[in-house]
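Residue numbers (the numbering used here): 711 to 1013.
The block underneath contains the structure these notes are about, expressed in C-alpha cells.
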Ligand SMILES: [Zn+2]
C-alpha cells in the first residue's frame, strides 16, 4: 500500500461552532511523509501537526495548540480524512476553528470527493498495536487492542428517551465511514445551551448545525438515523484517533467515552512504545513481489 494525498485544492467557508467566527478552509495536496498538518493561513501558515502531542483542550471539542497557536474543533474533518486513507494533506484555515458546516462529516466527504486521491511513491506506514492499552475513569472506559485492521466499537448511554443505549461496531474505511457515520450530526441538550453559552461556547451553534434534544424529544427533527447520536460519537472517536499520526492496525473499544478519554488513549498509546510497532505491511501479511510490482505500476500511472 502506498501513501496518498489529494489531487487538487478544494475550499469551503463557514462559521466555527464554539467561537462563532467565520473561517475559510482549504485542503491542499502534501508530499509523502508530511502527515496531516493544519496551517493557520492568517498567521503565515503556522503549522500545527494533527498529533497527540499537540492536543490542548478537550471539553466539548478537540483543540490543538502549538507554541500558543490554537486550532479548535478538529474532529469531524479529521474523521473524514483519516477514514478515507489520506495520509498527507495540508488543512489551511484562516481562523481559530474549523467550520462546523452542517455538524456532520458529510460536507468534508464531499470536499474530499471533489479533491480526488493521488497515490504517492512511498509506502504507507501503519501503527500496529501489539498489546492492549486502556484508560478507565468513573464508569467510562476506552481501550485499544491488537487487530489486523482498523476497527472501532463505540457504546453510548445517555438517559434520554431518544438516545438511551446505542452501539456502533465497524471496520473503518472510506466506504463504511461514508455509509454508516459521515452524515451523523453533532448534538446537544437544550438544557445545556445556556450553561454552554455562559462558558463562551457554542457561539456559532444553530438549529442548522446541531441536533437539539429537548426533555422528551428533538427540537429540530427529523433525525437522519434513529441512532444518529451513537453514530456521531463513533465519528468523533475516529477523528480523535487520527491524532495517532499514522493509520492504525488495531481495535478500539469506547464505552461512554468522549474527547478527553479519546485523546488520553492516544497519548497513553504513543507513550508506551512497547505497545506498538511501525510497519509498512497492512493486515499483518507480507506483500508478494507481484502485488508490490502491480501497485508500483499503478502509483507511476497515477503520478
Ligand atoms: Zn462531534
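Positions of the beta carbon are idealized from the N, C-alpha and C atoms, including for glycine.
Excluding five sequence neighbours on each side, which residues of the same chain lie with their C-beta closer than 8 Å to the C-beta of residue i?
i, result
"residue 898", "906, 912, 915, 920, 921, 922 and 923"
"residue 1023", "Any question about residue 1023 goes unanswered here, given that the chain covers just 711 to 1013."
Kindly list the residues whose CB is nearer than 7 Å to the CB of residue i, restricted to its own chain and excluding five residues on each side of it in sequence; keep chain order.
i, result
"residue 953", "760, 761, 762, 765, 973 and 976"
"residue 879", "863"
"residue 767", "773"
Per DSSP, what are the beta-bridge partners of residue i in this structure?
i, result
"residue 736", "721 and 802"
"residue 880", "862"
"residue 715", "828"
"residue 875", "867"
"residue 730", "DSSP, once it has assigned bridges, lists no residue as partnering residue 730."
"residue 989", "836"
Quick one: is residue i buried, meaning 16 or more other Cβ sit within 10 Å of its Cβ, or exposed?
i, result
"residue 941", "buried"
"residue 936", "exposed"
"residue 711", "buried"
"residue 970", "buried"
"residue 798", "buried"
"residue 909", "exposed"
"residue 894", "buried"
"residue 716", "buried"
Under 6 Å Cβ to Cβ from residue i, same chain only, skipping five residues before and after it: list those, please.
i, result
"residue 1021", "The first residue shown for the chain is 711 and the last is 1013, placing residue 1021 beyond what the model contains."
"residue 1008", "A caution first: residue 1008 carries a pLDDT of 48, below 50, which makes its placement in the model too unreliable to give a value."
"residue 957", "836"
"residue 989", "836 and 838"
"residue 824", "720"
"residue 851", "965"
"residue 1002", "Confidence in residue 1002 is poor, its pLDDT being 47 and thus under 50, which makes the residue's placement too unreliable to answer from."
Handout entry: Beta carbon nearer than 5 Å to a non-hydrogen atom of ligand 1
Key = 896 and 946
Exercise for the section: Mind listing, in chain order, the continuous beta strand (DSSP E) runs of no fewer than 3 residues lying wholly within the segment 782-849? Expected result: 799-803, 827-833, 836-839 and 843-847
Practice task
Please list the segments of the beta strand (DSSP E) lying wholly inside the segment 879-946, counting only runs of 3 or more residues, in order along the chain.
Solution key: 897-899 and 921-923
Problem - Secondary structure, beta strand (DSSP E): runs of 3+ residues fully inside the segment 744-779 - result: 746-750, 756-759, 765-767 and 773-776
Handout entry: Contained alpha helix (DSSP H) runs [length at least 4] in the segment 947-985, N- to C-terminal order
Key = 969-981
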